[in-house]
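Going by the UniProt record's numbering, the sequence shown opens with residue 1, and the numbers climb by one from there. Note sheet for the following structure.
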Amino acid sequence: MSDFEVAIVGAGLVGLVAAAALSRAGISVTVFEATSSSQEVGAGVGIGPNAVRALKGLGVFDAILARSDEPEGVQRTYCLHSPVNPHDCVLRYQTSCPNPVALPIYRPAFLEAVIGLLDPSIIHFNKRCTSISITESGKHTVHFSDGTSHEADLNNRSRWCKKRLIPAEDLRRAGLLTNYSGHKFILFLGSGKHIIGFSIKGGTVQITINPRDPNYLLHGWNPQPSEELKSHFGSWGHDPMIILDHLKNPSKWSIHAVNPLESYIRDKVVLVGDSAHAMLPHLGAGVGQGFEDVFVLVQLLTHPQAQKANLPDLLAQYDRVRPPRANAILRKSQWAGETYESYRSEEDNGRIQECLSEIWEDVWGHDLEKDVASAFEALHLSQIFQDSEE
Numbered sequence: 001m002s003d004f005e006v007a008i009v010g011a012g013l014v015g016l017v018a019a020a021a022l023s024r025a026g027i028s029v030t031v032f033e034a035t036s037s038s039q040e041v042g043a044g045v046g047i048g049p050n051a052v053r054a055l056k057g058l059g060v061f062d063a064i065l066a067r068s069d070e071p072e073g074v075q076r077t078y079c080l081h082s083p084v085n086p087h088d089c090v091l092r093y094q095t096s097c098p099n100p101v102a103l104p105i106y107r108p109a110f111l112e113a114v115i116g117l118l119d120p121s122i123i124h125f126n127k128r129c130t131s132i133s134i135t136e137s138g139k140h141t142v143h144f145s146d147g148t149s150h151e152a153d154l155n156n157r158s159r160w161c162k163k164r165l166i167p168a169e170d171l172r173r174a175g176l177l178t179n180y181s182g183h184k185f186i187l188f189l190g191s192g193k194h195i196i197g198f199s200i201k202g203g204t205v206q207i208t209i210n211p212r213d214p215n216y217l218l219h220g221w222n223p224q225p226s227e228e229l230k231s232h233f234g235s236w237g238h239d240p241m242i243i244l245d246h247l248k249n250p251s252k253w254s255i256h257a258v259n260p261l262e263s264y265i266r267d268k269v270v271l272v273g274d275s276a277h278a279m280l281p282h283l284g285a286g287v288g289q290g291f292e293d294v295f296v297l298v299q300l301l302t303h304p305q306a307q308k309a310n311l312p313d314l315l316a317q318y319d320r321v322r323p324p325r326a327n328a329i330l331r332k333s334q335w336a337g338e339t340y341e342s343y344r345s346e347e348d349n350g351r352i353q354e355c356l357s358e359i360w361e362d363v364w365g366h367d368l369e370k371d372v373a374s375a376f377e378a379l380h381l382s383q384i385f386q387d388s389e390e
C-alpha cells in the first residue's frame, strides 16, 4: 500500500481509467465529478491502436472489450472520399504499424465497464472544483463550489460539430452507395468542411459533421434546423446528402482546443487528458493521448520505490515525456483538419495522397514503454530510485 493518496477531478473516460488503474495497484483514490452522473452524453468513441495498448497495460482493456460489440479488437479500413462521387476513393489508408488493433465502442458502454472496476463509494458527484490550495503540511486541498473541500497528496485533473448514430440499414434503403460495413472509417473531404462516419454498436453508423465557422463560439449546444445544416453542403453529392437527410434533430456546438502547454504539472497537481491537451478531433486521437498520459503516470506512481517524498521527482519525469508527445499530436490534429478541408476537386487527389499517406503512423506506432523506460532511467541516474531495491 502506498503512503500517499490521489484525488481525481473529473469522472470522464480518462479520469475513470486513471482511478481504476491506481485503485487496482493499491493506491487510495477519490474521484470528484461536477455533474450529477457519470453517464456522459455521447455516441461512440474510436480507440486507436496506441490507446488499446495503453489500456491493456493499465489492466482495464478486457473489461472494456467485454462491453463492446466486438469479440476482439478490429483492424479498421480508412477511406477518404470525394464529396461528389462516393466511388472516388481519394486515399485508402494502409498502416505499417504492427498489430494495428482498434476498438469502436459506445461511450456509455465504456464508462459502465470502467465504473464496474471501481468501488462506487470513491466517486462523488455534484462536486465542481473551484480552486486548489496547499496546506502547511504540503497536502493539496481541492475546494468545491458547494463549500466543501478535500485533502490529498496529489491531484489529477483530468465545435461546430454534430455526432449522431444512424441505423446503417436506413441509409442503405435510402440509396446510400458508400459501404460502412467491415469496420470502415469513411471521411468525405471538402472545402471548409468534412464528414466522418464509422460503424459502431451493432448495425449503426456514427456520423460527425464538421462545417468550419471560425466566428462561431458556443459553450454547450443549441438545436439547429436541418435545412440550415444542409445549406452548408449544397454542392456535395448523393451520399453526403442522404446522410444529412437522416440526421434527426441536429444540434450545433463548438469544438474547443487549448494552445500547447509547456508543462502539465504545478506542485503536485497533474493535468491529464483534455485538461492538458484538448485537441481538435480530426485524427481521432484526443482520448488516446489521455490514456497515454494515464499509462505513464500510473507506471511512475506504482513503481515499488514510489512514495510521498519523491512525488515531485516522479511528476517531473511525467512532465518531461508527456508534453512533447501530446502537443505534437495536438498540432497534427489541427493540421489534419486543415488538410481535409483544403480538398476542392479531383485535381487535389495527388496532393492529398502525398500529405496524408502516413498521417496516423506516429499516432498509432508510438512506443510508450520506451517513454517509461526513459523516465525510470532518469530516476535511477539521479538516485531517486536505487537499483539494489528493485
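Quick reminder that beta carbons are idealized off the backbone N, C-alpha and C, glycines included.
Where residue i falls, given that 16 or more other Cβ within 10 Å makes a residue buried
{"i": "residue 18", "result": "buried"}
{"i": "residue 72", "result": "exposed"}
{"i": "residue 145", "result": "exposed"}
{"i": "residue 103", "result": "buried"}
{"i": "residue 309", "result": "exposed"}
{"i": "residue 26", "result": "exposed"}
{"i": "residue 125", "result": "exposed"}
{"i": "residue 10", "result": "buried"}
{"i": "residue 211", "result": "buried"}
{"i": "residue 303", "result": "buried"}
{"i": "residue 208", "result": "buried"}
{"i": "residue 262", "result": "exposed"}
{"i": "residue 228", "result": "exposed"}
{"i": "residue 66", "result": "exposed"}
{"i": "residue 175", "result": "exposed"}
{"i": "residue 306", "result": "buried"}
{"i": "residue 83", "result": "buried"}
Inter-residue CB distance, residue i and residue j (contact presumed, cutoff 8 angstroms)
{"i": "residue 361", "j": "residue 79", "result": "No, residue 361 and residue 79 are not in contact; Cβ-Cβ is about 17 angstroms, not under 8 angstroms."}
{"i": "residue 366", "j": "residue 325", "result": "7 angstroms"}
{"i": "residue 251", "j": "residue 224", "result": "6 angstroms"}
{"i": "residue 113", "j": "residue 64", "result": "5 angstroms"}
{"i": "residue 258", "j": "residue 277", "result": "6 angstroms"}
{"i": "residue 275", "j": "residue 158", "result": "6 angstroms"}
{"i": "residue 127", "j": "residue 34", "result": "6 angstroms"}
{"i": "residue 4", "j": "residue 118", "result": "Actually they do not touch by this definition, with Cβ atoms about 19 angstroms apart."}
{"i": "residue 398", "j": "residue 270", "result": "Because the chain here runs from 1 to 390, residue 398 falls outside it and cannot be looked at."}
{"i": "residue 152", "j": "residue 143", "result": "That belief does not hold up - the Cβ atoms of residue 152 and residue 143 are roughly 12 angstroms apart, past 8 angstroms."}
{"i": "residue 287", "j": "residue 14", "result": "7 angstroms"}
{"i": "residue 313", "j": "residue 384", "result": "5 angstroms"}
{"i": "residue 256", "j": "residue 177", "result": "That belief does not hold up - the Cβ atoms of residue 256 and residue 177 are roughly 35 angstroms apart, past 8 angstroms."}
{"i": "residue 341", "j": "residue 191", "result": "6 angstroms"}
DSSP state of residue i mapped onto helix, strand, coil
{"i": "residue 179", "result": "coil"}
{"i": "residue 74", "result": "strand"}
{"i": "residue 271", "result": "strand"}
{"i": "residue 240", "result": "helix"}
{"i": "residue 85", "result": "coil"}
{"i": "residue 251", "result": "strand"}
{"i": "residue 44", "result": "strand"}
{"i": "residue 187", "result": "strand"}
{"i": "residue 282", "result": "coil"}
{"i": "residue 124", "result": "strand"}
{"i": "residue 384", "result": "coil"}
{"i": "residue 266", "result": "strand"}
{"i": "residue 59", "result": "coil"}
Length of the line joining the Cα atoms of residue i and residue j
{"i": "residue 52", "j": "residue 187", "result": "22 angstroms"}
{"i": "residue 149", "j": "residue 122", "result": "15 angstroms"}
{"i": "residue 21", "j": "residue 60", "result": "7 angstroms"}
{"i": "residue 75", "j": "residue 358", "result": "16 angstroms"}
{"i": "residue 322", "j": "residue 285", "result": "14 angstroms"}
{"i": "residue 107", "j": "residue 44", "result": "5 angstroms"}
{"i": "residue 350", "j": "residue 301", "result": "47 angstroms"}
{"i": "residue 8", "j": "residue 31", "result": "5 angstroms"}
{"i": "residue 316", "j": "residue 248", "result": "48 angstroms"}
{"i": "residue 408", "j": "residue 230", "result": "With the chain covering only 1 through 390, there is no way to say anything about residue 408."}
{"i": "residue 339", "j": "residue 272", "result": "27 angstroms"}
{"i": "residue 343", "j": "residue 23", "result": "47 angstroms"}
{"i": "residue 171", "j": "residue 205", "result": "9 angstroms"}
{"i": "residue 330", "j": "residue 110", "result": "23 angstroms"}
{"i": "residue 345", "j": "residue 279", "result": "28 angstroms"}
{"i": "residue 266", "j": "residue 169", "result": "51 angstroms"}
{"i": "residue 160", "j": "residue 185", "result": "Its pLDDT being 39, under 50, residue 160 is placed unreliably in this model, and the value from its coordinates should be taken loosely. Spanning the two alpha carbons is a distance of roughly 21 angstroms."}
Cross-strand partners of residue i (DSSP beta bridge)
{"i": "residue 140", "result": "134 and 152"}
{"i": "residue 92", "result": "79"}
{"i": "residue 102", "result": "74"}
{"i": "residue 30", "result": "7"}
{"i": "residue 331", "result": "Residue 331 pairs with nothing; no bridge assigned."}
{"i": "residue 206", "result": "165 and 198"}
{"i": "residue 355", "result": "Paired residues: none, contrary to the question."}
{"i": "residue 222", "result": "252"}
{"i": "residue 157", "result": "9 and 271"}
{"i": "residue 211", "result": "193"}
{"i": "residue 391", "result": "What is shown of the chain runs 1 to 390, which leaves residue 391 out entirely."}
Cβ-heavy atom distance, residue i to the ligand PLP, below 7 angstroms
{"i": "residue 275", "result": "Ligands are entirely absent from the displayed structure, and the ligand PLP is therefore not among its contents."}
Residue-level contact to chain D via CB, residue i, 8 angstroms cutoff
{"i": "residue 342", "result": "Annotation note: the requested chain D is absent from the structure, which comprises a single protein chain."}
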